[in-house]
Amino acid sequence: MVDKGSGVSYLDLARGALDSLVSMVEEISSSAGSSLSCDSNGDVVEISDGDSDYLISFHAQTQQIWVASPVSGSVRFVYDADQGLWCDQRSGRELFAFVRQEICEIFS
Numbered sequence: 001m002v003d004k005g006s007g008v009s010y011l012d013l014a015r016g017a018l019d020s021l022v023s024m025v026e027e028i029s030s031s032a033g034s035s036l037s038c039d040s041n042g043d044v045v046e047i048s049d050g051d052s053d054y055l056i057s058f059h060a061q062t063q064q065i066w067v068a069s070p071v072s073g074s075v076r077f078v079y080d081a082d083q084g085l086w087c088d089q090r091s092g093r094e095l096f097a098f099v100r101q102e103i104c105e106i107f108s
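Under the UniProt record's numbering, the letters of the sequence shown match residues 1 to 108, in that order.
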């Protein structure tokens, strides 16, 4: 559990984040007129342009969201309940800002 008494689990938070990431990528793709495909099966999001693949997945065992990027390699994000954000523990980068920057860089 993230917060005792809140009823919100890491799985709920992660799935909400993944759904929001899909919406964000679709918006980026639409406004840029690109042909990105963004597919989700609940715990994994795959973003592709036919040449490059970008994967985002939730790992329940570690309670982390993992990003597999052709630019940055493997980056792991943990939920910071105080901030209400998924952040990379090594760099402090926030998940949505990180993905937005990389998607624009990779697929522009």
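No residue lacks a Cβ here, since even glycine has one placed at the ideal position from N, Cα and C.
Leaving out five residues before and five after residue i in sequence, what residues of the same chain have Cβ atoms less than 8 Å from its Cβ?
{"i": "L21", "result": "V45, I56, L95, F96, V99"}
{"i": "D62", "result": "The residue asked about is misnamed: residue 62 is Thr in this sequence, not Asp. Closer than 8 Å at Cβ, skipping near neighbours: R76."}
Kindly identify the DSSP beta-bridge partner or partners of residue i.
{"i": "E94", "result": "C87"}
{"i": "A68", "result": "L55, S74"}
{"i": "C38", "result": "I47"}
{"i": "D80", "result": "L85"}
Looking at C-alpha atoms only, which residue of the options is the closest neighbour of residue i?
{"i": "D39", "options": "V71, Y10, M24, V75", "result": "M24"}
{"i": "R76", "options": "D53, L13, R90, A17", "result": "R90"}
{"i": "S9", "options": "I28, W66, A60", "result": "A60"}
{"i": "R15", "options": "G42, S31, G33", "result": "G42"}
What's the C-alpha gap between residue i and residue j?
{"i": "A68", "j": "S74", "result": "5 Å"}
{"i": "R93", "j": "C87", "result": "5 Å"}
{"i": "D49", "j": "F107", "result": "7 Å"}
{"i": "E27", "j": "D19", "result": "13 Å"}
{"i": "I65", "j": "Y54", "result": "13 Å"}
Tell me which residues share the same chain as residue i and place their Cβ nearer than 6 Å to its Cβ, disregarding the 5 neighbours each side in the sequence.
{"i": "E102", "result": "S69, V71"}
{"i": "S29", "result": "L36"}
Just to confirm my understanding: we take residue i, look at its own chain, exclude 5 residues before and 5 after, and list those with CB closer than 7 Å. What are they?
{"i": "S35", "result": "D49"}
Please tell me whether, using a cut-off of 8 Å, the distance from the CB of residue i to the nearest non-hydrogen atom of the ligand FMN is below it.
{"i": "S48", "result": "Judged by which ligands are present, the structure shown has none, so any question about the ligand FMN falls away."}
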